[in-house]
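The structure appears right after this line, and notes come after that.
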Amino acid sequence: MIGESALLGELDRLGVSYRRFEHPAVFTCDEADRAVPDTVGGAHTKNLFLRDAKGRRHWLLVTSCAKAVDLSALSGMLDSGKLGFASPDRLARYLGVTPGAVTVLGLVNDAERAVELLVDREVWDAPAWRCHPLVNTATLVIDRAAVERFLEATGHRPRVVDVRARAPGSPGG
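The numbering used here applies: residue 119 is where the sequence shown begins, and numbers increase by one.
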């Protein structure tokens, strides 16, 4: 597993340009909103690391912080059975991150390609994304074309999906 400095070196090697913003540790979208001003640009992403009920399949869902995800609807779309959040142990094993630092850039640590990448169309269509660089004390703003270059280098093909928001007050996600 590589860490932040090796990741930044890999991004540089791939010609992926980014703007880096340091901030106190954040664990929620609300905390990240307060730590990183809107003026930096980029879609404010929320990353959910999910597993099926048997723990055999894993997905990383990149969606908007503004969206409360309907996991039941997503489960039906994936034909996966019930979805749940993966444990901190699974986060560390597959993406090399801890809770609060989940990021599309964690796919650099998924050499076996055991994690399927789902990207909400709303985020996919954004010109730039905000991503943690494997830690939750910094945020990178990366152009979407550069994110695509990174994903190609890691061998992860994104599946662009229309993520349904769950109704206010309903359970899940």
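Glycine included, each C-beta is placed from N, C-alpha and C at the ideal position. Being a predicted model, the structure only gives us computed values, none of them experimental.
Rounded to whole angstroms, the gap between the alpha carbons of E128 and R138 is 15 Å. Taking 9 Å as the cut-off, the Cβ atoms of L252 and I120 count as close. According to the DSSP assignment, C249 belongs to the beta strand (DSSP E) that extends over A246 to C249. In the same chain as A143, and ignoring 5 residues on each side of it, the C-beta atoms closer than 6 Å to its own belong to N254 and T255, in chain order. L166 sits close to L178, with the two beta carbons spaced by under 9 Å. Look at R262 here: in three-state DSSP terms it is helix. By the neighbour-count criterion, in which 16 or more other beta carbons inside 10 Å mark a residue as buried, T157 falls on the exposed side. According to DSSP, residue pairing for F203 in a beta bridge involves L168.
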